[in-house]
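As structure tokens, the structure follows; a few thoughts come after it.
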Amino acid sequence: MRIFKCLLRDTLRLLLRHWGVSLLTLLTAASVFFLVGASALLLVNLRTMVQRVEEGLVVQAYVKKVEDLQALEGMVASIPGVARVEKVLPQQALQRLGATLEGHAQALEILGENPLPPSFEIRLVRAAFASGVVRELLGYPQVEDVVYAGKLAERMARISSFANRFSFGVLLVAVVASSLVLYNTIRISIYSRREEISVMLLVGATPTFVSLPFVLQGMILGVLGSLGASLLLGGAYASFTDFIRETIPFISVIKDPRVFFQLGLILVGGGVTLGWISSWLAVGRYVRRAMRPL
Amino acid sequence: MDIRISGVAKVFPPDIVALEDIYLTVSRGEFVYLVGTTGSGKTTLLRLISREVEATRGHLTVGDFVLRKMKSLDLAFYRRDVGVVFQDFKLLSHLTVVENVAFVLEVLGMPPKEIRERVGEVLERVGMWRRRFLYPDQLSGGEKQRVAIARAVVNSPSILLADEPTGNLDTHTAEDVMQLLLSINASGTTVIMATHNKYIVDAYRQRVVELRGGRMIRDEKRGRYEEDENF
Numbered sequence: 001m002r003i004f005k006c007l008l009r010d011t012l013r014l015l016l017r018h019w020g021v022s023l024l025t026l027l028t029a030a031s032v033f034f035l036v037g038a039s040a041l042l043l044v045n046l047r048t049m050v051q052r053v054e055e056g057l058v059v060q061a062y063v064k065k066v067e068d069l070q071a072l073e074g075m076v077a078s079i080p081g082v083a084r085v086e087k088v089l090p091q092q093a094l095q096r097l098g099a100t101l102e103g104h105a106q107a108l109e110i111l112g113e114n115p116l117p118p119s120f121e122i123r124l125v126r127a128a129f130a131s132g133v134v135r136e137l138l139g140y141p142q143v144e145d146v147v148y149a150g151k152l153a154e155r156m157a158r159i160s161s162f163a164n165r166f167s168f169g170v171l172l173v174a175v176v177a178s179s180l181v182l183y184n185t186i187r188i189s190i191y192s193r194r195e196e197i198s199v200m201l202l203v204g205a206t207p208t209f210v211s212l213p214f215v216l217q218g219m220i221l222g223v224l225g226s227l228g229a230s231l232l233l234g235g236a237y238a239s240f241t242d243f244i245r246e247t248i249p250f251i252s253v254i255k256d257p258r259v260f261f262q263l264g265l266i267l268v269g270g271g272v273t274l275g276w277i278s279s280w281l282a283v284g285r286y287v288r289r290a291m292r293p294l
Numbered sequence: 001m002d003i004r005i006s007g008v009a010k011v012f013p014p015d016i017v018a019l020e021d022i023y024l025t026v027s028r029g030e031f032v033y034l035v036g037t038t039g040s041g042k043t044t045l046l047r048l049i050s051r052e053v054e055a056t057r058g059h060l061t062v063g064d065f066v067l068r069k070m071k072s073l074d075l076a077f078y079r080r081d082v083g084v085v086f087q088d089f090k091l092l093s094h095l096t097v098v099e100n101v102a103f104v105l106e107v108l109g110m111p112p113k114e115i116r117e118r119v120g121e122v123l124e125r126v127g128m129w130r131r132r133f134l135y136p137d138q139l140s141g142g143e144k145q146r147v148a149i150a151r152a153v154v155n156s157p158s159i160l161l162a163d164e165p166t167g168n169l170d171t172h173t174a175e176d177v178m179q180l181l182l183s184i185n186a187s188g189t190t191v192i193m194a195t196h197n198k199y200i201v202d203a204y205r206q207r208v209v210e211l212r213g214g215r216m217i218r219d220e221k222r223g224r225y226e227e228d229e230n231f
């Protein structure tokens with residue numbers, strides 16, 4: 001308890017002695033974590049949008065005869081990337097068409113014989129599988145034609161992969177930037193106390209005793225920065241979703257508080273971890289060097 | 001704790017020989033003056049004992065501690081038993097006298113009550129109790145030296161290493177500091193003092209070890225600053 005009090009006092013002293021640097025670190029860490037949080041939210045929203053479009057993405061494969069449906073069903077279902085296969089008989093297809101025409105269903109009567117061929121309605125695991133599945137389907141002689149929203153599927157796949165890469169890039173830059181900022185702040189603190197540290201080591205302080213206030217300082221800065229970023233992000237995102245709802249109502253953005261709470265936890269956890277690692281590296285290196293005899 | 005130095009040499013890069021072939025044993029409770037001209041190796045020898053410097057060759061043991069390839073935790077525990085008075089005092093300028101002395105005990109995790117008692121005791125002993133709330137910048141050279149001594153002995157170390165503790169002090173203040181070191185020695189602490197002060201060495205006769213060019217050229221019981229012709 002006594003050591004803990006001593007440690008807290010030393011940490012506060014470190015934070016306050018260079019309050020300007022501490023504040024700057026806090027602001028930088030908060031900006032970096034804000035960027036991470038914002039890109040994570042962008043990614044989650046993009047993924048959800050892509051997922052919704054993908055769920056509605058259907059590949060329609062028309063076959064020559066009704067018997068082909070039975071013969072091909074197993075093979076189509078086993079194509080990689082196929083999530084679900086549904087057989088559509090000509091009669092069912094006609095009923096669906098009637099349903100979509102609603103009040104104009106009598107128009108179908110002028111067709112006479114049912115012109116609609118039997119088909120498979122195929123749902124995919126992801127849009128990226130579309131071209132592969134279509135290629136496979138066209139390889140079967142029984143398949144007459146394949147219709148799917150090819151361009152849309154490819155675009156969705158590209159957006160999804162770009163969003164993944166972009167978020168990973170942002171995350172990497174943010175992690176490196178915040179680590180460097182925290183590392184340098186701790187180094188400045190160490191530099192300002194180098195005399196004190198050398199006396200501490202000469203009178204018999206253990207390396208852990210010397211290091212802990214600096215490590216705690218790094219962790220506090222990391223936590224405060226990420227916490228500030230989370231709160232700011234919460235406010236900004238709420239305004240953003242309200243704006244989207246009013247101006248582009250057909251785009252649905254996530255407003256689940258659980259997602260936001262999880263993101264906050266991840267950011268704060270990341271702040272603690274980065275603060276701990278950067279400060280431990282900075283102080284550990286210094287103390288090892290200071291203890292090494294000439 | 002006995003200090004045993006056997007065949008110790010210290011060469012600083014690239015090839016500056018600071019100490020060469022030193023054999024010295026200091027028994028517990030002894031008072032030893034290290035004398036010699038500037039650059040003779042006195043400070044290096046003290047720093048070898050406090051393990052700020054590592055010997056290039058030879059063996060150095062202090063009590064049960066072998067001062068070679070020590071682990072950092074062992075070094076911390078070793079240093080708790082070796083007080084050092086630096087030539088430039090090394091007092092922390094942002095701490096008061098009482099805080100400078102208490103700092104050592106806080107580092108060692110001592111209870112606050114015990115810290116207050118010990119610090120009070122040692123400041124009384126060095127005559128700095130009345131000036132305890134002043135900062136180092138507000139003290140004279142002699143007072144700073146007293147505080148530095150108080151800090152070095154507050155945790156009752158077995159060995160006290162003092163590097164020129166009377167340097168830059170007038171004769172009267174130097175005598176006060178010397179009396180203080182002798183009283184610390186009288187309570188059982190081994191004292192090794194590097195000095196240039198001929199007057200002090202001659203006035204308070206103790207064992208004298210003389211170094212020249214990094215070599216030990218004299219080890220005399222109750223010696224003088226300069227070699228006795230009859231020695």
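Just so you know, the protein sequences line up as chains A and B, in that order.
Residue numbers for the first sequence follow my numbering, beginning at 1 and rising by one.
Residue numbers for the second sequence follow my numbering, beginning at 1 and rising by one.
Each residue gets a CB set at the ideal place from its N, CA and C atoms; glycine is no exception.
Values in this document were obtained by computation on a predicted structure and should not be read as measured data.
Check: I'd like the span of the alpha helix (DSSP H) that includes B/E121, first residue to last.; Outcome: P112 to R125
Check: Give, in chain order, every unbroken run of the beta strand (DSSP E) that is at least 3 residues long and sits entirely within the segment 168-203 of chain B.; Outcome: 190-195
Check: Can you name, in chain order, every residue of its own chain whose Cβ lies under 6 angstroms from the Cβ of B/R287, other than the five neighbours on each side?; Outcome: Since the first residue shown for chain B is 1 and the last is 231, residue 287 of chain B is missing from the structure and cannot be characterised.
Check: What does A/F209 touch in chain B if you count any residue whose Cβ is under 7 angstroms from its own?; Outcome: V107
Check: Three or more beta-carbon pairs under 8 angstroms between the segment 178-193 of chain A and the segment 241-256 of chain A, yes or no?; Outcome: no
Check: Would you please verify whether the beta carbon of A/M49 is less than 9 angstroms from any beta carbon of chain B?; Outcome: no
Check: First and last residue of the alpha helix (DSSP H) that includes A/L294?; Outcome: Unbroken run through A/L294: none, as it is neither H nor E.
Check: Could you check what DSSP says for A/I277 in three-state terms: helix, strand or coil?; Outcome: helix
Check: Can you name the start and end residues of the alpha helix (DSSP H) that B/K42 belongs to?; Outcome: K42 to I49
Check: If I'm right that B/L180 touches B/V126 with Cβ under 8 angstroms, what's the distance once you round it to whole angstroms?; Outcome: 6 angstroms
Check: Output the boundary residues of the alpha helix (DSSP H) element that contains A/S22.; Outcome: W19 to G56
Check: Where does the unbroken alpha helix (DSSP H) through A/L72 begin, and where does it stop?; Outcome: V66 to A77
Check: Rounded to the nearest angstrom, what separates A/Y183 and B/I149 at their Cα positions?; Outcome: 37 angstroms
Check: Return the chain-ordered list of same chain residues with a C-beta closer than 6 angstroms to the C-beta of A/G275, the five sequence neighbours on each side being excluded.; Outcome: L182, G218, M219, L221 and G222
Check: Which residue marks the beginning of the beta strand (DSSP E) containing A/M219, and which one marks its end?; Outcome: From DSSP, A/M219 is part of no beta strand (DSSP E) but of the alpha helix (DSSP H) over P207 to T247.
Check: Mind checking whether the beta-carbon of B/K10 lies closer than 8 angstroms to any heavy atom of the ligand COA?; Outcome: You won't find the ligand COA in this model; it holds no ligand whatsoever.
Check: At a Cβ cut of 8 angstroms, what residues of the segment 214-232 of chain A count as close to chain B, listed as they run along the chain?; Outcome: none
Check: Short of 6 angstroms in beta carbon distance, which residues of its chain neighbour B/A183, apart from the five on each side in sequence? Order them along the chain.; Outcome: First, the amino acid is wrong: residue 183 of chain B is Ser here, not Ala. Correct list: empty, nothing qualifies.
Check: Just the Cα atoms here: how many angstroms apart are A/G132 and A/G81?; Outcome: 8 angstroms
Check: Tell me which residue opens and which closes the beta strand (DSSP E) that B/E220 is part of.; Outcome: R215 to E220
Check: Nearest-angstrom Cα distance between A/Q92 and A/L101?; Outcome: 14 angstroms
Check: For B/Y135, tell me which candidate among B/A174, B/K90, B/V154 and B/N168 has the shortest Cα-Cα distance.; Outcome: B/K90
Check: Who are the neighbours of A/G284 on chain B, taking C-beta pairs under 8 angstroms?; Outcome: The contacting residues do not exist; A/G284 stays about 11 angstroms from chain B at best.
Check: Measure the alpha-carbon distance for A/L227 versus A/Q262 and round it to whole angstroms.; Outcome: 13 angstroms
Check: Tell me whether the beta-carbon of A/A130 lies closer than 9 angstroms to the beta-carbon of A/L138.; Outcome: no
Check: Could you spell out where the beta strand (DSSP E) holding B/K69 opens and where it closes?; Outcome: Segment: none, B/K69 is in no beta strand (DSSP E) and carries neither H nor E.
Check: Against chain A, with Cβ distances strictly below 9 angstroms, would B/V53 count as a contact?; Outcome: yes
Check: How big is the Cα-Cα spacing for B/T37 and B/S140?; Outcome: 26 angstroms
Check: Looking at the unbroken alpha helix (DSSP H) that takes in B/V32, where does it start and where does it end?; Outcome: That residue, B/V32, is in no alpha helix (DSSP H); its beta strand (DSSP E) goes F31 to V35.
Check: What does B/K90 reach in chain A if we use C-beta pairs closer than 9 angstroms?; Outcome: E195, S198, V199 and L202
Check: Consider the Cβ of A/R206: report whether some Cβ of chain B lies at a distance smaller than 9 angstroms.; Outcome: It should be pointed out that residue 206 of chain A corresponds to Thr in this sequence rather than to Arg. For A/T206, the answer is yes, since a Cβ of chain B falls inside 9 angstroms of its Cβ.
Check: Identify whether B/V53 lies in helix, strand or coil by the three-state DSSP scheme.; Outcome: coil
Check: Let me check understanding here. Comparing Cα to Cα, which of A/V170, A/N45, A/R155 and A/L14 lies closest to A/F240?; Outcome: A/N45
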